[in-house]
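Peer 1: Quick one: this structure, given as structure tokens, is what I'll be asking you about.
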Amino acid sequence: MSSTSLTSKVKSDFPCRTTSSCSAKFNKFGVKNRSYGFKYTRNSTAVREVMEQLQTFFDSDAMKRHIQELADYPESSLPTHFDARLKWPHCPSISRIPNQGGCGSCYAVAAAGVASDRACIHSNGTFRASLSEEDILGCCEVCGNCYGGDPLKALVYWVNQGVVTGGRDGCRPYSFDISCGVPCSPQTFFEAEKSRTCIKRCQNIYYQNRYDDDKHFASLAYSLYPRSMTITDSDAKDVERAKVPTIIGHFNSTANPPLSLEQVRGMHQLGLSETIALPGFN
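By UniProt numbering, the letter at position 104 of the sequence shown is numbered 104, and the numbering carries on one by one without gaps.
Have a look at this one:
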């Protein structure tokens, strides 16, 4: 399929639903099966620790209450249309579209966006800052690098280590070049990776807190959809993967018969519209 056909399909499948203008654009890098020589070495011990923490979160009383709320929620109360920007208009991070620039940091950008949204929603709009993708990208050793990573590991980092504020005026703003194009070629990731580092101090213009005092934490991290996590290096002789405990996985394992596709979609709708805020943010 040509780039023109793909762009037309995106426009037809995902029309603009807001009063502001938007446009669909073909990502010429997103469909190329090309090796750029990226190397990603996993710390298997650290990944196993993340898996253990995810299981601990999932077995907690807070998660059991959360799952029960989902089970008890009447299907008739599900909205026919849901827009998080309208549901929580006091949270500017929900409408913000970040640019990851010349670093393959989509996992960190996505996780920081999720964390910012959750923090604002849970605080009922009293916390409106953006949390720092730079902090995740530089200081979470198990999460990933400028060649890619795992957003779920980044959310576990948010629980365990906390994330400082980001954005232009926060503690740790995003430092990677965004002038290389939209999107930037993956070839730019090599130079970005060389400059990636963990800096545990706030930028000079930020006076609100010191780095350690600017950390914000969550209480739980979990996945809605079934997925696995690779434990060993992907080029290892015997690649080891483990299933992540998930909400839909839980309901599917306890249902008889297993959930239908429509039931899974309904669970996804419920998760978005009613349970998007993590409890215990501070």
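Where a beta carbon is used, it is the ideal one built from N, C-alpha and C, also for glycine.
Pick out the complete alpha helix (DSSP H) segments inside the region 87 to 149, 4 residues or longer, and give them in chain order.
Peer 2: With a minimum length of 4 residues, the continuous alpha helix (DSSP H) runs that stay inside the region 87 to 149 are 106 to 122 and 133 to 139.
Peer 1: For the region 185 to 194 and the region 246 to 257, state whether three or more C-beta atom pairs, one from each stretch, are separated by less than 8 Å.
Peer 2: Taking 8 Å as the limit for Cβ pairs, the verdict is that the region 246 to 257 does not touch the region 185 to 194.
Peer 1: Which of the three DSSP states, helix, strand or coil, is assigned to residue 286?
Peer 2: Examination of residue 286 is not possible in this model, given that the chain is present from 1 through 282 alone.
Peer 1: Put residue 227 into one of helix, strand or coil per three-state DSSP.
Peer 2: If DSSP states are grouped into helix, strand and coil, residue 227 belongs with the strands.
Peer 1: Which runs of the beta strand (DSSP E), 3 residues or longer, sit entirely within the region 150 to 238?
Peer 2: Listed in chain order, they are 227 to 230.
Peer 1: Shorter than 7 Å, the distance from the beta carbon of residue 220 to the closest heavy atom of the ligand GTP, or not?
Peer 2: For the ligand GTP, the structure offers nothing, since it holds no ligand at all.
Peer 1: Out of 100, 124, 132 and 239, state which residue places its alpha-carbon closest to the alpha-carbon of residue 115.
Peer 2: Residue 132 is the option with its Cα nearest to residue 115.
Peer 1: Can you tell me the Cα-Cα spacing of residue 257 and residue 204, whole angstroms?
Peer 2: Answer to the nearest angstrom: the Cα atoms are 58 Å apart.
Peer 1: At what residues does the alpha helix (DSSP H) containing residue 65 begin and finish?
Peer 2: Taken as a continuous stretch (DSSP letters only), the alpha helix (DSSP H) holding residue 65 covers 61 to 72.
Peer 1: Taking the beta carbon of residue 189 as the centre, do at least 16 other beta carbons fall within 10 Å, making it buried, or is it exposed?
Peer 2: Buried, since its Cβ has 16 or more Cβ neighbours within 10 Å.
Peer 1: Confirm, please, whether the CB-CB distance from residue 112 to residue 97 is below 8 Å.
Peer 2: Contact flag unset, no.
Peer 1: Quick one: what does DSSP say residue 42 is sitting in, helix, strand or coil?
Peer 2: Of the three classes helix, strand and coil, the one that applies to residue 42 here is coil, per DSSP.
Peer 1: If you drop the 5 nearest sequence neighbours on each side, which residues of the same chain put their C-beta closer than 7 Å to that of residue 138?
Peer 2: Only 196, 197, 198 and 199 meet the Cβ criterion.
Peer 1: Nearest to residue 42 by alpha carbon, out of 243, 262, 231 and 242?
Peer 2: Comparing Cα-Cα distances from residue 42 to each of 243, 262, 231 and 242, the minimum goes to 231.
Peer 1: Which of helix, strand or coil does DSSP assign to residue 246?
Peer 2: Reduced to three states, the DSSP call for residue 246 is strand.
Peer 1: Would residue 130 be called buried (16 or more neighbouring beta carbons within 10 Å of its own) or exposed?
Peer 2: Burial call: buried.
Peer 1: Evaluate the contact criterion for the region 140 to 153 versus the region 44 to 58: three or more CB pairs, one atom per stretch, below 8 Å.
Peer 2: Verdict: yes, contact present.
Peer 1: Could you pull the DSSP bridge partners for residue 241 from this structure?
Peer 2: In the DSSP output, where bridge partners are listed per residue, residue 241 has 230.
Peer 1: Express the C-alpha separation of residue 95 and residue 246 in angstroms, rounding to a whole number.
Peer 2: When rounded, the distance between both Cα atoms is 27 Å.
Peer 1: Residue 126: buried (16+ other C-beta within 10 angstroms of its C-beta) or exposed?
Peer 2: The residue is exposed, with fewer than 16 neighbouring Cβ atoms inside 10 Å.
Peer 1: Measure the alpha-carbon distance for residue 99 versus residue 181 and round it to whole angstroms.
Peer 2: In a straight line, the C-alpha of residue 99 is about 10 Å away from that of residue 181.
Peer 1: For residue 193, I'd like the list of residues in its chain whose CB is within less than 8 Å of its CB, leaving aside the five on either flank, ordered along the chain.
Peer 2: 103, 145, 146 and 147, listed in sequence order.
Peer 1: Would residue 169 and residue 206 qualify as a contact pair, given that the criterion is a beta-carbon distance under 8 Å?
Peer 2: For residue 169 and residue 206, yes; Cβs fall inside 8 Å.
Peer 1: Hey, residue 141 and residue 46 are a contact pair by Cβ (cut 8 Å); roughly how many whole angstroms apart?
Peer 2: So it is a contact: roughly 7 Å between Cβ atoms.
Peer 1: Near residue 242, what residues of its chain come up, given a Cβ to Cβ distance below 7 Å and the 5 sequence neighbours on each side ignored?
Peer 2: Once the five neighbours on either side are set aside, the close Cβ partners of residue 242 are 51, 228, 229 and 231.
Peer 1: Indicate the three-state DSSP secondary structure (helix, strand or coil) for residue 78 in the structure shown.
Peer 2: Coil.
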